[in-house]
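Sequence order for the protein chains is A and B. The opening position of the first sequence corresponds to residue 1 in UniProt numbering, with each subsequent residue numbered one higher. The opening position of the second sequence corresponds to residue 1 in UniProt numbering, with each subsequent residue numbered one higher. Even for Gly, the Cβ is constructed at its ideal location relative to N, Cα and C. If you're wondering where the values come from, they're calculated on a predicted model, not measured in any experiment. What follows is a single structure, written as structure tokens, with notes after it.
Protein chains: 2
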Amino acid sequence: MEQYDLLVIGGGPAGLSAAVNGRRRNKRVLLVGKEKVSNKLRQAHRVDNYLGFPGVSGAELAASYRGHAVAEGVELIEDEIRSFWPEEGGFQAMGKEQLYAAKTVIIASGMPQKASIPGEEKLVGKGVSYCATCDGMFFRGKRVFFLSELEEGEKDANFLADICAQVYYLPRYQGDYRGLDPRIKVVSGRVLRLHGEERLTKVETSAGEYEVEGAFIERASLPLDSLMPDLALENGFIKVDRQMRTNLPGVFAAGDCTGRPWQIAKAVGEGLVAALSAVDYLATLA
Amino acid sequence: MEQYDLLVIGGGPAGLSAAVNGRRRNKRVLLVGKEKVSNKLRQAHRVDNYLGFPGVSGAELAASYRGHAVAEGVELIEDEIRSFWPEEGGFQAMGKEQLYAAKTVIIASGMPQKASIPGEEKLVGKGVSYCATCDGMFFRGKRVFFLSELEEGEKDANFLADICAQVYYLPRYQGDYRGLDPRIKVVSGRVLRLHGEERLTKVETSAGEYEVEGAFIERASLPLDSLMPDLALENGFIKVDRQMRTNLPGVFAAGDCTGRPWQIAKAVGEGLVAALSAVDYLATLA
Numbered sequence: 001m002e003q004y005d006l007l008v009i010g011g012g013p014a015g016l017s018a019a020v021n022g023r024r025r026n027k028r029v030l031l032v033g034k035e036k037v038s039n040k041l042r043q044a045h046r047v048d049n050y051l052g053f054p055g056v057s058g059a060e061l062a063a064s065y066r067g068h069a070v071a072e073g074v075e076l077i078e079d080e081i082r083s084f085w086p087e088e089g090g091f092q093a094m095g096k097e098q099l100y101a102a103k104t105v106i107i108a109s110g111m112p113q114k115a116s117i118p119g120e121e122k123l124v125g126k127g128v129s130y131c132a133t134c135d136g137m138f139f140r141g142k143r144v145f146f147l148s149e150l151e152e153g154e155k156d157a158n159f160l161a162d163i164c165a166q167v168y169y170l171p172r173y174q175g176d177y178r179g180l181d182p183r184i185k186v187v188s189g190r191v192l193r194l195h196g197e198e199r200l201t202k203v204e205t206s207a208g209e210y211e212v213e214g215a216f217i218e219r220a221s222l223p224l225d226s227l228m229p230d231l232a233l234e235n236g237f238i239k240v241d242r243q244m245r246t247n248l249p250g251v252f253a254a255g256d257c258t259g260r261p262w263q264i265a266k267a268v269g270e271g272l273v274a275a276l277s278a279v280d281y282l283a284t285l286a
Numbered sequence: 001m002e003q004y005d006l007l008v009i010g011g012g013p014a015g016l017s018a019a020v021n022g023r024r025r026n027k028r029v030l031l032v033g034k035e036k037v038s039n040k041l042r043q044a045h046r047v048d049n050y051l052g053f054p055g056v057s058g059a060e061l062a063a064s065y066r067g068h069a070v071a072e073g074v075e076l077i078e079d080e081i082r083s084f085w086p087e088e089g090g091f092q093a094m095g096k097e098q099l100y101a102a103k104t105v106i107i108a109s110g111m112p113q114k115a116s117i118p119g120e121e122k123l124v125g126k127g128v129s130y131c132a133t134c135d136g137m138f139f140r141g142k143r144v145f146f147l148s149e150l151e152e153g154e155k156d157a158n159f160l161a162d163i164c165a166q167v168y169y170l171p172r173y174q175g176d177y178r179g180l181d182p183r184i185k186v187v188s189g190r191v192l193r194l195h196g197e198e199r200l201t202k203v204e205t206s207a208g209e210y211e212v213e214g215a216f217i218e219r220a221s222l223p224l225d226s227l228m229p230d231l232a233l234e235n236g237f238i239k240v241d242r243q244m245r246t247n248l249p250g251v252f253a254a255g256d257c258t259g260r261p262w263q264i265a266k267a268v269g270e271g272l273v274a275a276l277s278a279v280d281y282l283a284t285l286a
């Protein structure tokens with residue numbers, strides 16, 4: 001397995017800025033992002049405070065940012081890092097189906113997501129899952145519910161359609177859902193509660209109830225404490241110093257995952273600082 | 001005297017970002033910058049790591065940044081804030097010839113400058129001055145030396161040409177010096193030492209010696225400890241937390257004056273954070 005100098009987790013403004021600046025210092029940079037382009041950025045109608053470029057659309061900015069990273073030679077992979085851990089000489093990170101290795105890690109995974117639906121936290125691992133490709137087989141021949149905040153969820157839902165008796169799909173994004181397998185039933189409304197004691201029994205939405213044994217939830221980012229258990233948090237965000245260093249040597253963070261304000265310019269600046277700190281750290285390894 | 005919500009000291013990327021974001025929150029913003037456009041930025045040949053806009057020239061970026069601030073309704077004044085202090089309901093700041101008032105202050109004064117020439121620190125106030133319009137009259141009819149890192153120094157040198165017997169002008173910037181009064185003698189080289197015990201007697205340069213009674217030094221920014229004596233520094237930079245708050249309530253800082261890395265994206269991000277922190281602070285006053 002190839003070992004990169006920098007593994008950047010997340011392809012929003014912070015991650016792309018970190019990756020570009022790592023490349024500017026001639027480091028080998030792998031950026032693993034769950035989304036091809038940050039949905040949050042792409043869907044911004046108009047961004048008026050990225051200094052020097054008022055009135056740009058989120059989609060334009062997203063394209064410029066990604067184009068900049070590609071031009072600098074950043075390697076971009078669409079995958080979700082589910083966890084990472086120290087390994088001799090650096091870190092290993094687990095994607096959905098693949099391992100990655102790097103000497104340093106920059107976490108730029110966006111706004112931390114928490115179990116926010118009543119009943120969700122209690123039922124994680126008891127019918128509630130955040131990874132269809134990981135846990136789908138447990139629900140073979142059963143009825144499942146799929147709550148997706150991302151278009152990228154459609155692929156996973158299609159995977160479930162092949163193995164489950166019925167998939168109810170509740171999209172929480174703008175789209176035409178045409179990529180979905182026709183066996184999937186698209187439903188609307190808002191999820192109000194997940195029911196069940198020992199195991200999940202029912203998903204209650206504002207538009208009806210669904211008796212299911214599994215519920216998959218696809219959000220823009222995983223809860224941070226599942227990414228790396230030793231990582232110190234503060235008020236739910238990754239704790240960093242002014243050099244964007246976390247409590248773990250060789251691990252840096254930038255952008256929304258480090259706290260407010262949730263703004264592009266902050267993310268871009270922090271990505272740069274994190275990258276330069278990672279470069280400094282790499283020099284101490286040599 | 002009109003009281004602004006935000007007084008931003010410095011017109012580089014950090015200051016302009018702070019000003020734009022203060023305006024986006026509908027605050028009344030005054031930006032006082034010593035230079036019309038940051039010379040440091042303007043002279044950058046090519047900036048490759050302002051995310052999304054690779055290969056832009058410093059001059060283009062400087063023009064876009066300033067244009068953005070003007071479009072947002074930032075009031076821009078060319079002056080140098082020499083010091084500021086708390087006043088009931090906010091702060092007052094002293095420019096070269098004018099007072100300003102604001103409820104909050106954001107310091108974005110760039111790289112802190114120190115007395116760096118041998119003999120300089122000892123002779124401040126004993127012939128060495130950082131303000132020609134303030135101290136020029138003390139040197140009426142005398143010979144003076146003027147070391148200028150900024151084109152803006154030419155105006156002050158011309159002022160001295162009217163009152164002093166002779167002005168030697170050593171420019172440390174690219175320019176044609178055509179704005180200089182013909183009575184001024186332009187000299188070249190590097191200043192090596194300022195001589196004198198009780199008072200300045202001589203300026204020694206790599207290209208000769210000048211017997212003078214006064215030496216004016218024009219740098220991009222003043223030493224930070226003369227700006228506001230109570231401001232806490234750390235390793236020569238303004239000490240800030242992650243919200244860009246200084247040790248003084250209502251006073252924030254952003255950009256190069258807060259430390260490394262000295263990069264545009266860091267400055268722009270910090271300017272934004274400082275502005276939003278100032279906005280939060282203003283809400284507590286209401």
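Does the CB of residue 194 (chain B) have a neighbour CB from chain A at under 8 Å? Locating residue 194 (chain B) in the second sequence gives position 194, counting from the first residue. So, not an interface residue.
Apply the 10 Å Cβ neighbour rule to residue 128 (chain A) and answer buried if 16 or more other Cβ atoms are within range, or exposed otherwise. The residue labelled residue 128 (chain A) in the question sits at position 128 within the first sequence. Under this definition residue 128 (chain A) is a buried residue.
With a 10 Å radius around its C-beta and 16 neighbouring C-beta atoms as the bar for buried, classify residue 118 (chain B) as buried or exposed. By 1-based counting over the second sequence, the position of residue 118 (chain B) is 118. So residue 118 (chain B) counts as exposed.
Could you give the distance in angstroms between the alpha-carbon of residue 15 (chain A) and the alpha-carbon of residue 257 (chain A)? If you number the first sequence from 1, residue 15 (chain A) lands on position 15. If you number the first sequence from 1, residue 257 (chain A) lands on position 257. Roughly 11 Å separates the two Cα atoms.
Using a Cβ-Cβ cut-off of 7 Å (strictly less than) and excluding sequence neighbours within five positions of residue 206 (chain B), which residues of its own chain qualify? For the purposes of this step, residue 206 (chain B) is identified with residue 206 of the second sequence, where counting begins at 1. Here the set comprises 189, 190, 192.
Does residue 268 (chain B) have its Cβ less than 8 Å from a Cβ in chain A? One-based indexing of the second sequence puts residue 268 (chain B) at position 268. Yes, its Cβ sits closer than 8 Å to a Cβ of chain A.
Assuming residue 159 (chain B) is part of the alpha helix (DSSP H), what are its boundary residues? In the second sequence, counting from the first residue as 1, residue 159 (chain B) sits at position 159. Here the alpha helix (DSSP H) through residue 159 (chain B) covers 153 to 163.
DSSP on residue 83 (chain A), reduced to helix/strand/coil? The residue you call residue 83 (chain A) lines up with position 83 of the first sequence. DSSP, read as helix, strand or coil, puts residue 83 (chain A) in strand.
Can you give me the C-alpha to C-alpha distance between residue 262 (chain A) and residue 255 (chain A), rounded to a whole angstrom? Position 262 of the first sequence, counting from 1, holds the residue named residue 262 (chain A). Position 255 of the first sequence, counting from 1, holds the residue named residue 255 (chain A). Those two C-alpha atoms are separated by around 7 Å.
In whole angstroms, what separates the C-alpha of residue 123 (chain A) from that of residue 156 (chain A)? Reading the first sequence from its first residue, position 123 is the one you call residue 123 (chain A). Reading the first sequence from its first residue, position 156 is the one you call residue 156 (chain A). In a straight line, the C-alpha of residue 123 (chain A) is about 20 Å away from that of residue 156 (chain A).
Looking at the C-beta of residue 256 (chain B), does it have a partner C-beta in chain A at a distance below 8 Å? On the second sequence, position 256 is the one that residue 256 (chain B) refers to. Taking Cβ atoms only, chain A never reaches closer than 8 Å to residue 256 (chain B), which makes this a no.
Hey, would you say residue 220 (chain A) sits closer than 8 Å to residue 106 (chain A), going by beta carbons? Against the first sequence, residue 220 (chain A) aligns to sequence position 220. Against the first sequence, residue 106 (chain A) aligns to sequence position 106. No, the pair does not count as a contact, with Cβ atoms beyond the cut-off.
Quick check on DSSP: helix, strand or coil for residue 281 (chain A)? Counting from one through the first sequence, the residue named residue 281 (chain A) turns up at place 281. In this structure, residue 281 (chain A) counts as helix in the three-state DSSP scheme.
So who's on the other strand from residue 288 (chain A), going by DSSP bridges? Nothing about residue 288 (chain A) can be reported from this structure: the residues present for chain A run from 1 to 286 only.
Residues of chain B with a CB under 7 Å from the CB of residue 263 (chain A): which are they? Your numbering for residue 263 (chain A) matches position 263 in the first sequence. Correct list: 272.
Other residues of its chain near residue 272 (chain B): CB distance less than 6 Å, five sequence neighbours each side excluded: Counting from 1 along the second sequence, the entry for residue 272 (chain B) is found at position 272. If you ignore the 5 residues before and after residue 272 (chain B), its C-beta comes within less than 6 Å of the C-beta of 17, 21, all in its own chain and listed in chain order.
Pairing CB atoms from the segment 274 to 285 of chain B with CB atoms from the segment 244 to 252 of chain B, are three or more of them under 8 Å? The segment 274 to 285 of chain B vs the segment 244 to 252 of chain B: in contact.
Residue of A:249, A:270, A:286 minimising C-alpha distance to residue 87 (chain A): As a position in the first sequence, residue 87 (chain A) is number 87, starting the count at 1. Of the residues A:249, A:270, A:286, the one whose Cα lies closest to the Cα of residue 87 (chain A) is A:249.
Hey, quick one: how far does the beta strand (DSSP E) through residue 287 (chain A) stretch, first residue to last? Chain A is shown only over 1 to 286; residue 287 (chain A) falls outside these bounds and no answer can be derived.
DSSP three-state label for residue 224 (chain B), please. The sequence position of residue 224 (chain B) within the second sequence is 224, counting from 1. Per DSSP, reduced to three states, the secondary structure at residue 224 (chain B) is helical.
is_contact[residue 53 (chain B), chain A] using C-beta, thresh 8 Å: Residue mapping note: residue 53 (chain B) aligns to position 53 of the second sequence, counting from 1. Yes, residue 53 (chain B) counts as interfacial toward chain A.
I'd like to know whether the C-beta of residue 5 (chain B) is nearer than 8 Å to at least one C-beta of chain A. By one-based count along the second sequence, residue 5 (chain B) stands at place 5. Nearest CB-CB separation between residue 5 (chain B) and chain A: not below the 8 Å threshold.
How long is the line joining the alpha carbons of residue 140 (chain A) and residue 74 (chain A), rounded to whole angstroms? Reading the first sequence from its first residue, position 140 is the one you call residue 140 (chain A). Reading the first sequence from its first residue, position 74 is the one you call residue 74 (chain A). The straight-line gap from Cα to Cα measures roughly 39 Å.
Kindly say whether residue 16 (chain B), judged by its beta-carbon, lies nearer than 8 Å to any beta-carbon of chain A. Counting from one through the second sequence, the residue named residue 16 (chain B) turns up at place 16. Yes, contact with chain A.
Any idea what DSSP makes of residue 239 (chain A), helix, strand or coil? Against the first sequence, residue 239 (chain A) aligns to sequence position 239. Looking at residue 239 (chain A) - three-state DSSP - the assignment turns out to be coil, as it is neither helix nor strand.
Are the CB atoms of residue 95 (chain A) and residue 32 (chain A) within a distance shorter than 8 Å? Counting from one through the first sequence, the residue named residue 32 (chain A) turns up at place 32. Counting from one through the first sequence, the residue named residue 95 (chain A) turns up at place 95. Yes, these two residues count as a Cβ contact at 8 Å.
Buried or exposed by the 16-neighbour rule on C-beta atoms within 10 Å, applied to residue 294 (chain A): Residue coverage of chain A in this structure runs from 1 to 286, which leaves residue 294 (chain A) outside it and unanswerable.
Answer yes or no: does any C-beta atom of chain B fall closer than 8 Å to that of residue 248 (chain A)? Taking the first residue of the first sequence as position 1, residue 248 (chain A) is located at position 248. Output row for residue 248 (chain A): interface = no.
Can you tell me the Cβ-Cβ gap for residue 58 (chain A) and residue 71 (chain A), rounded? I've got them flagged as a contact below 8 Å. Residue 58 (chain A) sits at position 58 when you count from the first residue of the first sequence. Residue 71 (chain A) sits at position 71 when you count from the first residue of the first sequence. At roughly 20 Å, the Cβ-Cβ gap does not stay under 8 Å, so residue 58 (chain A) and residue 71 (chain A) are not in contact.
Under 6 Å Cβ to Cβ from residue 184 (chain A), same chain only, skipping five residues before and after it: list those, please. Numbered from 1 along the first sequence, position 184 holds the residue referred to as residue 184 (chain A). Correct list, in chain order: 157, 161, 167, 169.
Euclidean distance between Cα positions of residue 164 (chain A) and residue 148 (chain A): The residue you call residue 164 (chain A) lines up with position 164 of the first sequence. The residue you call residue 148 (chain A) lines up with position 148 of the first sequence. Residue 164 (chain A) and residue 148 (chain A): Cα-Cα distance of roughly 17 Å.
Assuming residue 5 (chain B) is part of the alpha helix (DSSP H), what are its boundary residues? Here residue 5 (chain B) refers to the residue found at position 5 of the second sequence. Where residue 5 (chain B) is concerned, there is no enclosing alpha helix (DSSP H), although the beta strand (DSSP E) it sits in stretches over 3 to 9.
Pair within 8 Å by beta-carbon distance, residue 200 (chain B) and residue 209 (chain B): Residue 200 (chain B) sits at position 200 when you count from the first residue of the second sequence. Residue 209 (chain B) sits at position 209 when you count from the first residue of the second sequence. Contact flag unset, no.
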